[in-house]
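Our numbering numbers the first residue of the sequence shown as 2 and each following residue consecutively.
Heads up: the structure comes next, in structure tokens.
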Amino acid sequence: MTDTTHQPGTITIGWIGAGRMGAAMASRLALAGEDVTVWNRTRAKAEALTEVGCKVADTIADLRGLDVVFTMVSAPADLEQVLVGEGGLLADPDRVPGAVVDCSTVSTEASAAMRAACTERGVDFLSAPVSGNGKVVRSGGLTLVVSGPEEAYVRFAPLLDHLGKGATYVGEGELARLAKICHNVMLGVVTQNLAEITVLAEKGGIPRAAFLEFLNKSVMGSVFTRYKTPAFVNLDFTPTFTPILLRKDFDLGFAAAHDLDVPMPVAAAAAAAVQASVSSGRVEEDFAILLELQAHNSGVTLKPENVPVDDGLGG
Numbered sequence: 002m003t004d005t006t007h008q009p010g011t012i013t014i015g016w017i018g019a020g021r022m023g024a025a026m027a028s029r030l031a032l033a034g035e036d037v038t039v040w041n042r043t044r045a046k047a048e049a050l051t052e053v054g055c056k057v058a059d060t061i062a063d064l065r066g067l068d069v070v071f072t073m074v075s076a077p078a079d080l081e082q083v084l085v086g087e088g089g090l091l092a093d094p095d096r097v098p099g100a101v102v103d104c105s106t107v108s109t110e111a112s113a114a115m116r117a118a119c120t121e122r123g124v125d126f127l128s129a130p131v132s133g134n135g136k137v138v139r140s141g142g143l144t145l146v147v148s149g150p151e152e153a154y155v156r157f158a159p160l161l162d163h164l165g166k167g168a169t170y171v172g173e174g175e176l177a178r179l180a181k182i183c184h185n186v187m188l189g190v191v192t193q194n195l196a197e198i199t200v201l202a203e204k205g206g207i208p209r210a211a212f213l214e215f216l217n218k219s220v221m222g223s224v225f226t227r228y229k230t231p232a233f234v235n236l237d238f239t240p241t242f243t244p245i246l247l248r249k250d251f252d253l254g255f256a257a258a259h260d261l262d263v264p265m266p267v268a269a270a271a272a273a274a275v276q277a278s279v280s281s282g283r284v285e286e287d288f289a290i291l292l293e294l295q296a297h298n299s300g301v302t303l304k305p306e307n308v309p310v311d312d313g314l315g316g
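Here you go:
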């Protein structure tokens with residue numbers, strides 16, 4: 002479903018949001034030869050992207066009339082502000098972009114409201130939440146899940162391909178938001194399970210680095226287990242995703258499960274561990290602290306092993 006006739010530079014692209022993720026993603030588009038103009042509330046962050054070929058917009062209004070505008074902002078309120086707030090992208094009904102592709106992590110309700118605002122003005126809206134962080138983007142490992150008008154997806158799929166491993170189209174409306182919630186529930190379940198078996202192995206006398214090397218070489222290893230291995234081995238909990246954010250996604254997952262009558266007993270057990278991590282007060286660290294909480298509950302005191310570990314992303 003990708004337009005194989007696309008020539009880089011023939012679609013005019015706006016980009017709103019040049020934080021760690023947004024900057025990395027806009028950079029990949031520009032480095033692929035695409036025509037990208039960036040706006041960010043803090044202008045200096047947008048100006049830094051001129052080094053890779055991006056142009057800088059003085060105002061969001063400068064992005065009106067472009068073929069497509071990507072948004073990558075922090076919260077639903079930010080998305081609403083940049084789209085329909087004062088001076089927003091859709092504030093002038095006579096001058097709007099052809100489409101909006103929102104890569105932010107927002108609720109289904111917030112996404113649906115912005116879709117309605119876009120549709121009212123004749124603008125296609127694609128929900129395109131992502132899996133990954135800045136380092137994953139730079140390594141080419143980002144993945145996206147997309148929902149909305151299929152014709153719009155087909156047109157802009159070549160741009161999404163530049164961002165990493167490409168996108169998966171799952172249907173109309175807000176189905177991409179549900180897919181991302183399901184993804185993040187699994188993120189928590191897998192991490193809690195990984196913490197449990199790693200502590201079990203260590204308490205039995207196996208160094209974490211050795212156990213995780215074995216696991217990652219086996220059929221049970223994955224891109225994710227390799228990526229989390231350095232944190233587990235060296236106890237580096239520099240945040241990529243916090244326990245509070247993970248708890249929010251579990252709550253969203255259970256709300257969807259309630260509405261769809263889907264029992265989730267394994268997820269419920271993992272959610273209790275995630276809640277314990279929040280209750281511990283360590284809410285500014287990475288959710289990989291699930292490992293230390295599991296160790297504490299098992300009577301094990303962890304120490305960094307201080308060995309180099311490949312996270313599987315390169316670089």
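Cβ coordinates follow ideal geometry from the N, Cα and C atoms, glycine included.
Model, not experiment: these values are computed from the prediction.
Cβ-Cβ separation between Gly88 and Thr60: approximately 7 Å, consistent with a contact (criterion under 8 Å). Excluding the 5 residues flanking it on each side, Pro77 has same chain C-beta neighbours closer than 7 Å at Val107, Ser108, Ala111, in chain order. With respect to the C-alpha of Thr6, the residue from Gly172, Ser278, Leu160, Val267 having the closest C-alpha is Leu160. Within the segment 147 to 233, the runs of alpha helix (DSSP H) at least 4 residues long that lie entirely inside it are, in chain order, 151 to 163, 176 to 204, 209 to 218. Assignment of Leu90 by DSSP, reduced to helix, strand and coil, places it in the coil class.
Less than 8 Å separates the beta-carbon of Ala129 from that of Ala177. In terms of CA proximity to Val200, Ile290 leads the group Asn307, Ile290, Ala49, Gly34.
Thr239 is classed as exposed because its beta carbon has fewer than 16 other beta carbons within 10 Å across all chains shown. Beta-bridge analysis with DSSP links Ala273 to no other residue. Of the residues assessed, Thr51 falls on the exposed side of the cut-off, its CB having fewer than 16 other CB atoms within 10 angstroms. A distance below 8 Å separates the beta carbons of Gly189 and Val275. Note that the segment 64 to 80 touches the segment 8 to 27; at least 3 beta-carbon pairs, one per stretch, sit closer than 8 Å. Between Ala180 and the set Ile17, Val131, Gly66, the nearest pair of CA atoms involves Val131.
A straight-line Cα-Cα distance of about 24 Å links Gly20 and Ala113.
Asp311 sits in coil when the DSSP states are folded into three classes, being neither helix nor strand.
Excluding residues up to 5 positions away in sequence, Leu67, Asp68, Val69, Val124, Asp125 lie with their Cβ nearer than 8 Å to the Cβ of Gly99 in the same chain. Remark: C-beta atoms of Phe251 and Ala277 do not approach each other more closely than 8 Å.
Under the three-state reduction of DSSP output, Ala114 falls in the helix class.
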